[in-house]
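**Q** If you number the sequence shown the way this note's numbering does, the last residue is 125 and the count never jumps.
No residue lacks a Cβ here, since even glycine has one placed at the ideal position from N, Cα and C.
Please find one structure pasted underneath; my questions will follow.
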Amino acid sequence: MSKKTLVLGASLKPERYSNIATKRLTNHGHEVVPIGLREGEIEGISILKGTPDIEGVDTVTLYMNPKRQQPYYDYILSLNPKRIIFNPGTENPELVALAQAKGIEAEIACTLVMLATDVY
């Protein structure tokens, strides 16, 4: 089943995990909305900037450190995703608590491992 996924912290650099995750999510049949600091494309998928209005987000997967996440708290929570995945290095107890208070599942996990082991 396709899960619309917002990749927050998307990078144009092919070696970055956010870039790899965007491609792997797409290869697994998920609709991906990458948001980053710079506009560009990852294999034909436009990277958006800022806080675009997006409907029907199932999962937000984070690729930015907790300090960089702070300006996005309200935005992430307003999307009302089913879950937020905190990839290695993005763990943030403050955002976990805010998400859980809204009934959003917070997973400390790795998107790439989840895809590779079919638990995404």
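(1) If we count Cβ pairs, one from each stretch, closer than 8 angstroms, do we get three or more for the segment 67–83 versus the segment 43–50?
(2) In chain order, which beta strand (DSSP E) runs of at least 3 residues are fully inside the segment 41–112?
(3) Around the Cβ of I113, are there at least 16 other Cβ atoms within 10 angstroms (buried) or fewer (exposed)?
(4) Compare the C-alpha of Q75 against each of I52, K54, N92 and L100 and name the closest.
(5) State buried or exposed for P86, treating a residue as buried only when at least 16 other CB atoms are found within 10 Å of its CB.
(6) May I ask which residues mark the beginning and end of the alpha helix (DSSP H) holding V118?
(7) Please classify T122 as buried or exposed, where buried requires at least 16 neighbouring CB atoms within 10 angstroms.
**A** Looking at the coordinates:
(1) no
(2) 45–47, 50–52, 64–67 and 88–91
(3) Here the question's residue 113 lines up with position 108 in the sequence shown. So I113 ends up on the exposed side.
(4) The count along the sequence shown starts at 1 and reaches residue 75 at position 70. Of the candidates I52, K54, N92 and L100, the one whose C-alpha sits nearest the C-alpha of Q75 is L100.
(5) The residue you call residue 86 lines up with position 81 of the sequence shown. It is buried - the Cβ of P86 has at least 16 other Cβ atoms within 10 Å.
(6) Position 113 of the sequence shown, counted from the start, is the residue given in the question as residue 118. Looking at the DSSP string, the run of the alpha helix (DSSP H) that includes V118 is T116 to A121.
(7) Residue mapping note: residue 122 aligns to position 117 of the sequence shown, counting from 1. Classification for T122: exposed.
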